[in-house]
Amino acid sequence: MNVTILGSGSRGNAVVLEADGARVLVDAGFTARTLATRMAAADIAPESIGAVLLTHEHTDHVSGACTAARKWGWKVFATPGTIAGTPGLGALRPVAVDPGEGLHLDTMHVRCVRTPHDASEPIAVVVDVPSSGTRLGIAYDLGHVPARIEQAMRQLDALILESNHDEAMLRAGPYPKVVQDRIAGGDGHLSNRAAAELARRVAHGGLRHVVLAHLSEHNNTPEVAHATVGSSLRATAFRGTLSVARQNAVTSFTVERARRVEQLSLL
């Protein structure tokens, strides 16, 4: 599976997944023009996208969805809450997705998991490629980590994980206290410390990539997020690559399934 993060942060999020010749977009949080520009930088034609799956209705995840879907003929998938909360989306006849259930998007199987966030019906996703056995999880925009999220993010080959803010930077930052409380609340965004704890709990020897995403411009830095999560991962069996997705840069990587070493017991 080839993964191209077109950008991730408070001002926009979009991820292209490619497997067996099919391409699917998860979120379209940039204008159609910006999506096209960033796809071009990664040698991806917008017309080659078969479907877009929206995780929730906030602008940084859907701002270009309606225009791009009309322009390039993308089929749209979203939860009923996201459909109702996104102006103009209903006119595109999107396919309603039930959280907790699976669906097939071209060559990929996607399982949606409800997330704790202040949106109508937000989801995280786990994407499986049956032909290769590779599995990717995308979990951002969650205020805390319920058991269902932790369970869904186990036994992955790659994980894109929110690491939104450093708690001290948030409290010392420019946002009013009511906004700080919303971000740090149970339906807000995941802190570096919480991301580090989740990464530690789901890490295993076959996890090849952990990509930190949805970083705040004002309450975090890539270096702080990387150091916090990296310190936690060093105490695990994780031997893959830890990286940070940027708001204004394209990040690409390939997910391959780790070879499993079979041990033979002599009785």
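The sequence shown begins at 1 in the working numbering and counts up one residue at a time. The beta-carbon is built from N, C-alpha and C at its ideal position, and this holds for glycine as well. Here the structure is a predicted model, which is why all the values come from computation and not from measurement.
1. Met1 to Glu121, Cα distance in whole Å?
2. Entirely within the region 36-104 and at least 4 residues each: give me those alpha helix (DSSP H) ranges in chain order.
3. Is DSSP giving Asp181 helix, strand or coil here?
4. Taking only three categories from DSSP, how would you classify Val255?
5. Could you check how far apart the C-beta atoms of Ser10 and Asp60 are, in whole angstroms? I think they sit under 8 angstroms.
6. Can you name, in chain order, every residue of its own chain whose Cβ lies under 7 angstroms from the Cβ of Arg154, other than the five neighbours on each side?
7. Measure the C-alpha to C-alpha separation of Val261 and Thr4 and round it to an integer number of angstroms.
8. Output the residue ranges of the alpha helix (DSSP H) runs that lie fully inside the region 137-204 and measure 4 residues or longer, sorted by chain position.
9. Expressed to the nearest angstrom, what Euclidean distance is found between the alpha-carbon atoms of Ala40 and Val26?
10. Out of His56, Trp74, Asn13, Val211, which has the shortest C-alpha to C-alpha gap to Phe30?
11. Where does Thr4 fall in DSSP's three states?
12. Under 6 angstroms Cβ to Cβ from Ser8, same chain only, skipping five residues before and after it: list those, please.
13. If the criterion is Cβ atoms closer than 9 angstroms, does the pair Leu170 and Leu190 meet it?
14. What residue range is occupied by the uninterrupted beta strand (DSSP E) comprising Gly29?
15. Buried or exposed: Arg38, going by 16 or more other Cβ atoms within 10 Å of its Cβ?
Inspection of the coordinates gives the following:
1. Within the sequence shown, numbered from 1, the residue matching residue 1 stands at position 1. Within the sequence shown, numbered from 1, the residue matching residue 121 stands at position 121. Rounded to whole angstroms, the separation of the alpha carbons of Glu121 and Met1 is 27 angstroms.
2. Fully enclosed alpha helix (DSSP H) runs of 4 or longer: 59-62, 65-72, 80-85.
3. Locating residue 181 in the sequence shown gives position 181, where the first residue counts as 1. DSSP places Asp181 within a helical segment (H, G or I) once states are collapsed to three.
4. Residue 255 sits at position 255 when you count from the first residue of the sequence shown. Reduced to three states, the DSSP call for Val255 is coil.
5. Taking the sequence shown and counting its residues from 1, one reaches residue 10 at position 10. Taking the sequence shown and counting its residues from 1, one reaches residue 60 at position 60. The pair is a contact, with the Cβ atoms about 6 angstroms apart (cut-off 8 angstroms).
6. On the sequence shown, position 154 is the one that residue 154 refers to. Apart from the 5 residues on each side of it in sequence, Arg154 sits with its Cβ closer than 7 angstroms to the Cβ of Val202 in its chain, given in chain order.
7. As a first step, residue 261 must be located in the sequence shown, where it is residue number 261. As a first step, residue 4 must be located in the sequence shown, where it is residue number 4. Bear in mind that a pLDDT of 36 at Val261, under 50, signals an unreliable position, so the model cannot answer this.
8. Within the region 137-204, the alpha helix (DSSP H) runs of at least 4 residues that lie entirely inside it are, in chain order, 147-152, 167-172, 177-184, 192-202.
9. Position 40 of the sequence shown, counted from the first residue, corresponds to residue 40. Position 26 of the sequence shown, counted from the first residue, corresponds to residue 26. Roughly 17 angstroms between the two C-alpha positions.
10. The residue given as residue 30 occupies position 30 in the sequence shown. For Phe30, the nearest C-alpha among the options comes from Asn13.
11. In the sequence shown, residue 4 corresponds to position 4, counting from 1. Note: Thr4 maps to strand in three-state DSSP.
12. As a first step, residue 8 must be located in the sequence shown, where it is residue number 8. Apart from sequence neighbours up to five positions away, the residues of its chain that approach Ser8 with a beta-carbon distance below 6 angstroms are Ala213, His214, Ala245, ordered along the chain.
13. As a position in the sequence shown, residue 170 is number 170, starting the count at 1. As a position in the sequence shown, residue 190 is number 190, starting the count at 1. No, they are not a contact pair.
14. As a working mapping, residue 29 is identified with position 29 in the sequence shown. Here Gly29 belongs to no beta strand (DSSP E), and DSSP marks it neither H nor E.
15. Residue numbering aside, residue 38 sits at position 38 when the sequence shown is read from its first letter. Around the beta carbon of Arg38, 16 or more other beta carbons sit within 10 angstroms, so the residue counts as buried.
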